[in-house]
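Residue numbers (the working numbering): 449 to 870.
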């Protein structure tokens, strides 16, 4: 028998209102500030943390706190008789990416979606003929949520935050549902790659966790990229352009030349599945100094080492070709969590069972990115990733399926029950 949990109409409305409030709450992180060691990297993230702290306190959770570094922690006590069940932690992040504006989000509701083209503002449209996931939502009495097209929506990861808060609300108002102790952490700066830099492990009792930070319905992610950030600084020599022959070394041209050497067939827009890539994130500078920032991604450590060596050699070749200098710095961001997951099968088995209890067959796909769970897994707490029903992340065409968001809540509730089974 399936463990079906149905939200009442009023519970659904509260959930929807909560999501709309969250996406309207500005909490965009700042990558450059985060890279300099500042956390939170933006003060606006504290507004989101304060909102969640109040809601968690009002729900009656224990030990509610927002740390100096902007992590919000709380603990839901176990049902009577289940106090000895091992606790697990649920995580989502409160920040939105800084590549596309997350300020003044104006969410739009497209109710009773029937397969029509959706318009988010004058210039942005979502066409189901070009988006198979959107097409799948047609005719299912779904509500599709988009932004106005001027910003991203913020479903990454405010859909996940909403789903965790809705599940916690359900458990506190339905004492008949058995569960062990559940911890929750809402983290800052995940989008900058620094989401777990100061995670309060001293507060955490759980030896396993689950991020709610995925995409399509049914996705269950237990492996991800190995990830490095590479900064290449080119140094040239400036002289008056009228007498530059044989003297001038243009660092900006060096940077451009270096980027042209990166393999075109290994860019984000030309790869998928288990293929890694080189992603140019920023080029800046002038004649005397220029900088290129890259993201390197590969599912194997061998492949990652090959990419780092390629960058080193391409930078060296560029410097020699122009008579300038190049300096390369590689910084690890996170590692593939597959090995640790394979060593802790029960964590994934319980989640898979929760999917099936919710009428969903889990789809195991690699994360072409990373989550806070990737870093937490490195720290010895295996953390697979659950879908949220959000789509087209990091873009003005981002959208969320409310039906899929409700299914994610159902998975979380079934997960709580699964851990009570002996």
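Just so you know, even glycine gets a beta-carbon here, dropped at the ideal spot from N, CA and C.
Asked: Hey, quick one: how far does the alpha helix (DSSP H) through residue 667 stretch, first residue to last?; Found: Residue 667 -> not in any alpha helix (DSSP H); beta strand (DSSP E) instead, spanning 667–669.
Asked: Going by DSSP, what residues sit across from residue 674 in a beta bridge?; Found: 746
Asked: Can you tell me whether residue 465 is buried or exposed? The criterion is at least 16 other CB atoms within 10 Å of its CB, across all chains shown.; Found: exposed
Asked: Report the partner residues of residue 841 according to the DSSP bridge assignment.; Found: Looking at the DSSP assignment, residue 841 forms no beta bridge with any residue, so it has no partner.
Asked: Just to confirm the assignment, what range does the beta strand (DSSP E) spanning residue 780 have?; Found: 773–782
Asked: When you compare only the Cα positions, how much space is there between residue 645 and residue 680?; Found: 23 Å
Asked: At what residue ranges does the stretch 468–550 contain a whole run of the beta strand (DSSP E), taking only runs of 3 or more?; Found: 510–514, 520–524, 536–541
Asked: Quick one: using the 10 Å Cβ neighbour count with 16 as the cut-off for buried, is residue 753 buried or exposed?; Found: exposed
Asked: Please report the Cβ distance between residue 851 and residue 590, rounded to the nearest whole angstrom; I am assuming they are in contact, meaning their Cβ atoms lie under 8 Å.; Found: 4 Å
Asked: Identify which residue in 722, 755, 703 has its Cα closest to the Cα of residue 767.; Found: 703
Asked: Determine the contact status of residue 542 and residue 609, defining contact as a CB-CB distance below 8 Å.; Found: yes
Asked: In this structure, what does DSSP give as the bridge partners for residue 679?; Found: 741, 777
Asked: Does the beta-carbon of residue 523 have 16 or more other beta-carbons within 10 angstroms, so that it is buried, or is it exposed?; Found: buried
Asked: Using a Cβ-Cβ cutoff of less than 6 Å, which residues in the same chain neighbour residue 822 once the five nearest sequence positions on both sides are dropped?; Found: 672, 782, 785
Asked: Helix, strand or coil: how does DSSP classify residue 619 here?; Found: helix
Asked: Straight-line CA distance for residue 776 to residue 678?; Found: 7 Å
Asked: Is residue 762 buried or exposed, if buried means 16 or more other CB atoms sit within 10 Å of its CB?; Found: buried
Asked: Taking the continuous alpha helix (DSSP H) assigned at residue 797, which residues delimit it?; Found: 793–805
Asked: What residue does the beta strand (DSSP E) around residue 657 start on, and which one ends it?; Found: 657–660
Asked: Once DSSP output is grouped into helix, strand and coil, what is the label at residue 631?; Found: strand
Asked: Please state if the CB of residue 864 and the CB of residue 612 are separated by a distance shorter than 8 Å.; Found: no
Asked: To the nearest angstrom, report how far apart residue 756 and residue 727 are at their CA atoms.; Found: 13 Å
Asked: For residue 812, collect the residues of the same chain with a Cβ closer than 7 Å to its Cβ; drop the 5 residues on either side in sequence, then sort them by chain order.; Found: 668, 670
Asked: So what's residue 596 in DSSP terms, helix, strand or just coil?; Found: coil
Asked: Where residue 808 and residue 585 are concerned, what is the direct C-alpha to C-alpha distance, given to the nearest angstrom?; Found: 15 Å
Asked: Under 8 Å between C-beta atoms, does residue 800 make it to chain C?; Found: This model lacks chain C altogether; it includes just one protein chain.
Asked: For the alpha helix (DSSP H) holding residue 601, just list the boundary residues, first then last.; Found: Unbroken run through residue 601: none, as it is neither H nor E.
Asked: Leaving aside the five residues before and after residue 449 along the sequence, list all residues of the same chain whose C-beta is less than 7 Å from its C-beta, in chain order.; Found: Bear in mind that the predicted position of residue 449 carries a pLDDT of just 45, short of 50, making it unreliable; the figure below should be weighed with that in mind. Nothing listed; no residue qualifies.
Asked: Pull the bridge partners of residue 727 from the DSSP assignment, please.; Found: 743
Asked: Counting pairs of Cβ atoms below 8 Å between the stretch 491–501 and the stretch 592–599, do you hit three or more?; Found: no
Asked: Could you have a look at residue 758 and say whether DSSP puts it in helix, strand or coil?; Found: helix
Asked: Which of the three DSSP states is assigned to residue 713 in this structure?; Found: helix
Asked: Just list the residues that DSSP pairs residue 833 with in beta bridges.; Found: 659, 669
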